[in-house]
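Keeping their order, the protein sequence lines are chains B and V. Using my numbering, read the first sequence as starting at 137 and increasing by one per residue. Using my numbering, read the second sequence as starting at 38 and increasing by one per residue. Cβ coordinates follow ideal geometry from the N, Cα and C atoms, glycine included. One structure is given here, and the rest of the page talks about it.
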Amino acid sequence: MAVRVGVVVFPGTNCEHDVAEALERVGAETELVWHTATSLPGLDAVVLPGGFAHGDYLRPGAIARFSPVMTAVIELARAGAPVVGICNGFQILTEAHLLPGALQKNRGLSFLCQVAELEVVTDRSALTAGLAPGLRIRVPVNHFEGNYTASPEVLRSLEEEGRVVLRYVGNPNGSVHDIAGVCSETGNVVGLMPHPERASRELLGSTDGLLLLRSLLATAAGPQRRAGQTGPALAGAGA
Amino acid sequence: MSGPVPLWAMGTGAAHSSDVSLHRELGLTDEEAARVEQILGHRPNHLELAMYAVMWSEHCSYKSSRVHLRRLPGEGPGVLVGPGENAGVIDAGDGLAIALRIESHNHPSAVEPYQGAATGAGGIIRDIFTMGARPVALMDSLRFGPLGEARNRWLTSGVVSGISGYGNAVGVPTVGGELEFAPCYSGNPLVNVLCCGLLPKERLVLARAAGEGNLAVLLGSATGRDGIGGASVLASAAFGADAEAEAAKRPNVQVGDPFEEKRLIEATLELLDRRLVAGIQDLGAAGLTSAASETASRGGMGMDIDVSAVPLREPGMEPFEIMTSESQERMLAIVAPEALDQVVGVCKRWEVRASVVGRVTAGGHLRVLAGWDGEVLADVPAASLHEDAPLYERPMSKPVKLVSANGASRPAAPPPASPERIAKDLLAMVYDPSWAYRQYDHQLFLNTALGPGADAAVLRLSAPGARPTPGSAERGMALSTDGNPRWCAIDPRAGTALLVAESTLNVACTGARPVAIVNCLNFGNPEHPEVMWQLSESVDGMAEACRALGLPVVGGNVSLYNETAGADIDPTPVVATLGLVDHLRPGIPGPSLTAGDEIVLLGPGGPASRSLAGSRWEAQQPLGESGQAADRGGLAPLDLALHRRLLDLVAALVDERLVQGAHDVSDGGIGLALAEMAVKGGTGCRVRGIEGTEGLFGEGPSKVVLSVAPDRVAEVTERAEAAAVPARRIGTAGGERLTIDGLVDLSVADLASAWTGNLPAVFATPQT
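Put into structure tokens, the structure is as follows:
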């Protein structure tokens, strides 16, 4: 049975169709999940796609973290299912404290839409499982607030625990330690600024993003795959 | 809000205008005001006068240009919707259609560059989804004064930020455009925005109010005092010399909210998908007056609007303010009463405000009411706001200064230049527009096969709600925008024909067949006979070229009064070409050289095929001792029959991948074309047989530089011969230097650093 991935849509999200299309190219079934949903039945993984949730008003992700769906996303994350935030989704995950650190305005104070070269740092995340550390891939970035920052203590623990998932080769935005993506302690919650879906066709110049999305599906289908996705199972797994 | 505001109690609404100069303040001439009175059969009140003033403004009525625009060919095979609607629509085959429109937002951008450019994008996007199309691409054709002036830098970075801030957030990628500079735009930049949308053919909707008793539902933002009179006070008048007076016009500029527009796009497309609305129209220039009267008169109906039902941003707004406000992000939907609940439901989900503000009536009158059963504040024949708008055949005369420039029998030849001087000229010409376009999301929707920086953008035919069908999945579309004020200043007729040639060739260089064009005609003050002559000539040049190439003009926009302190801009028609790609697949040859390739030049050769008149090279030469630019004669001739053969040939060579690089020779001549191809390919070249400065930088139509693998050269030249298109091998690509025998020898590294560094360096240097 195909892995079923929910793609969360907030008002102002704009990459949901692209993410769904790319996931379907590697064999996933997808479902667009409206931000007012309070449960996520039947989903093996969730992606928070890019865009401008709630207009990015106040601060990117600051309002989206209060959308009803986030309670269900947090439950799913606690249950061990892959939860991936891309770009604006990464910003939302940091605002929701599912991931540490914050994304501030790019060095140079301008929006950047360009291809970034990335290095896979760890294979312990849901998005890079099975990929060789040191692998270099080309994936576009598209953001104004993509400059990752965190306190020295958080950075030290991220590095020591192997939770830096991707690093820029040639840092485009000023991110500390060249960080392009990080994961939770358990590796199932991943946030990254680059857009894997934009590197999903040869026509677009790169298919490297599919490596990441295939890893995501493999992780979602793996041993931790939850069969029932019922409330009690979630509560048990989250304990 | 604390209940309905008693609008009728506010004095000016129903009172007859006692001030004879009121109509002048509103932008109407004495004759126009008299005509309003004749139509109504009584003296118009303030509200009625205000409605006619905005609808009969140059911006809304095209009163100076309509007599000329009729000469453009609007019909052709594949045209589903021609000029006169919100956007032109072309049949893309396999059940898909492409909606296309370009519009200027020059005056607002001159006053407040960020919001001017942002709302320019917002307005054109609404024109596209009004047709039922999902907006999938924006292109920006931008022209500013020289960046040595601080104000021009402020305008340029403000406009680019506005496009980035609005376009990215609204979720429509900006896939290309132009960024050009010339002194005539110093006080009056040009911001032309093109939007392109995709739709399943059966979703095509036209803005018609049908069915007596249907409801007019206002969707989106509340109505405020922003942009009141924007069409008449701002867009239809020239700028003076007083910068402070211009700054005072800032409240006439609308303010954009991309998040509101994003939700409005989604809500509108869902309403259309579910067939819940009978017609829909965006609110642009002239606001509710325009949307209500246009939908009503197109449907042969009338409409009652209750101004007290319009949600307002602030209390105390006068009826004329409500009816003419240009507050952004609003749509007027025509809804059958039984569908209202469902419409409100869709809007609620997308957090879009929906308010019933009007009713479709029989009889053809647009009435403005203070409450459904309240006083009638205005009562005008809806169609008269459009169809009875004045039509001017303004006087025309050929500018005196053109006589010498265009008629010289012996143009001055430039003196022989040293290789060092030519290298300097070339290094000053190049700049990388990625400084601007990397600030734009150009990849959303996973369509962009060739993005900004190529001769044309190339996109998949795919969008949410308009997915590829089996037949269309392997096809694509190409888009290019092109303008050149220098050619059009010398000869607007020939110059505009050259632009059509260039724009179609740009599209062909990416492997596409040109199928339609839209245009944005940016000119000076129409009350100057020279400007009207330029406009008329330009339209004729466009019509001739389009007829010869079999291209319909499916939409256009005219921006007049581009004038500062009495000086008109050079005539700047901008041509945008849509092409279709039959076999979309990876590896589209770009404008670059590949080391080891032969370089082949397609198109006419010899001194008669090019001219330095109006060239980029000429524009950057210091003036002579007389203070006048040298007389370089007229423009190079255009052979439209040859051009048509060239378009077919180039599109086929690129489509079949017989070439590895293709770049049209445009302004800057062969010299600039080769320099750009060298920088983008990261390789040098050795080229021979270019004759002097004129051969290197002279400009003329119907020329393409090809980078061809050695084993393909014979086939390419045979194909050219079969197509009766001249072709010659002019050199080879490779090495680290751009060497053009006898003229210039320059390292590609130096060229590349000028290419990437020229624009950022100007912005980094504070100077006044």
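Query                                                                                                                                                                            : Result
At the level of alpha carbons, what is the spacing between V:THR614 and V:SER540?                                                                                                : 6 Å
Of all Cβ atoms in chain B, is any one closer than 8 Å to the Cβ of V:ALA786?                                                                                                    : no
So, at 8 Å on beta carbons, what are the nonlocal neighbours of B:GLY163 in its own chain, with the 5 sequence-adjacent residues on each side left out?                          : ALA138, VAL139 and LEU353
Can you list, in chain order, the stretches of the alpha helix (DSSP H) that have 4 or more residues and sit fully within the segment 551 to 631 of chain V?                     : 566 to 586
Taking C-beta to C-beta, are V:PHE482 and V:VAL173 nearer than 8 Å?                                                                                                              : yes
Any beta-carbon of chain B closer than 8 Å to the one on V:GLU755?                                                                                                               : no
Classify B:ALA356 as buried or exposed, calling it buried when 16 or more other Cβ atoms lie within 10 Å of its own Cβ.                                                          : buried
To which residues does DSSP link B:GLN227 through a beta bridge?                                                                                                                 : Partner(s): none; B:GLN227 has no beta bridge.
Would you grab the beta carbon distance between V:TRP524 and V:LEU320 for me? Rounded to a whole angstrom, and I think it's under 8 Å.                                           : Contact doesn't hold; Cβ gap of about 37 Å is too wide.
Give me, in chain order, the residues of the same chain whose beta-carbon lies closer than 6 Å to that of B:LEU348; leave out the 5 immediate sequence neighbours on both sides. : LEU263 and PRO332
Anything in chain B within Cβ reach of V:ASP478, meaning under 7 Å, just list it in chain order.                                                                                 : CYS249 and ASN278
Please report whether the beta-carbon of V:ASN795 lies at a distance below 8 Å from any beta-carbon of chain B.                                                                  : no
Can you find a C-beta in chain V that's less than 8 Å from the C-beta of B:PRO330?                                                                                               : no
Quick one: which chain V residues come within Cβ less than 7 Å of B:PHE188?                                                                                                      : ALA206 and PHE296
Is there at least one Cβ from chain B nearer than 8 Å to V:PRO237's Cβ?                                                                                                          : no
Are the segment 557 to 570 of chain V and the segment 232 to 252 of chain V touching by the rule of at least three beta carbon pairs closer than 8 Å?                            : no
Measure how close the beta-carbons of V:ASN251 and V:ASN559 come, nearest whole angstrom, since I'm counting them as under 8 Å.                                                  : Rounded, the Cβ-Cβ distance is 39 Å, inconsistent with contact.
For the alpha helix (DSSP H) containing V:ASP685, name the first residue and the last one.                                                                                       : 677 to 692
Within 8 Å of any Cβ in chain B, is that where the Cβ of V:LEU649 sits?                                                                                                          : no
Taking B:TYR193 as the query, report the chain V residues whose CB atoms sit under 9 Å from its CB, ordered along the chain.                                                     : PHE296
In terms of residues, what are the limits of the beta strand (DSSP E) holding V:ARG396?                                                                                          : 391 to 398
According to DSSP, is B:PHE247 helix, strand or coil?                                                                                                                            : coil
Can you give, in chain order, each stretch of the alpha helix (DSSP H) that sits fully within the segment 240 to 312 of chain B and has at least 4 residues?                     : 288 to 296
Shortest alpha-carbon distance to V:GLY705 belongs to which of V:SER648, V:LEU597, V:LEU255 and V:ILE777?                                                                        : V:SER648
Here's a check: name, in chain order, each residue in its chain whose Cβ is nearer than 8 Å to the Cβ of V:ALA553, leaving out the five neighbours to either side.               : GLY113, GLY115, VAL116, GLY125, ILE127, LEU137, LEU588, PRO589, VAL590, VAL591, THR614 and LEU615
From which residue to which residue does the alpha helix (DSSP H) around B:ARG350 run?                                                                                           : 345 to 357
Check whether chain V comes within 8 Å of B:LEU171, counting only Cβ atoms and requiring the distance to be less than that.                                                      : Leu is not the amino acid found at residue 171 of chain B; the sequence shown has His there. No, B:HIS171 lies away from the interface with chain V (no Cβ there is under 8 Å from its Cβ).
Does any CB atom of chain B fall closer than 8 Å to the CB of V:LEU483?                                                                                                          : yes
Given that V:PRO501 touches chain B, what residues does it touch there, using C-beta distances under 7 Å?                                                                        : HIS153
Answer with buried or exposed for V:TRP409, where buried requires no fewer than 16 other C-beta atoms within 10 angstroms of its C-beta.                                         : exposed
Quick one: give me the first and last residue of the alpha helix (DSSP H) that V:MET546 is part of.                                                                              : Residue identity differs from the one stated: residue 546 of chain V is Cys in this sequence, not Met. Per DSSP, V:CYS546 belongs to no alpha helix (DSSP H) and is neither H nor E.
Within 8 Å (strictly less), CB to CB, does B:ARG201 reach chain C?                                                                                                               : Of the protein chains in this structure, namely B and V, none is chain C.
Kindly list, in the order they appear in chain V, the residues whose Cβ is closer than 7 Å to that of B:GLY148.                                                                  : PHE296 and LYS299
In this structure, what does DSSP give as the bridge partners for B:LEU328?                                                                                                      : B:ILE222 and B:GLY317
At a CB-CB cut-off below 7 Å, which residues of chain B make contact with V:ARG475?                                                                                              : LEU248, CYS249 and GLN250
Pick from V:LEU106, V:GLY779 and V:PRO356: whose alpha carbon is nearest that of V:SER455?                                                                                       : V:GLY779
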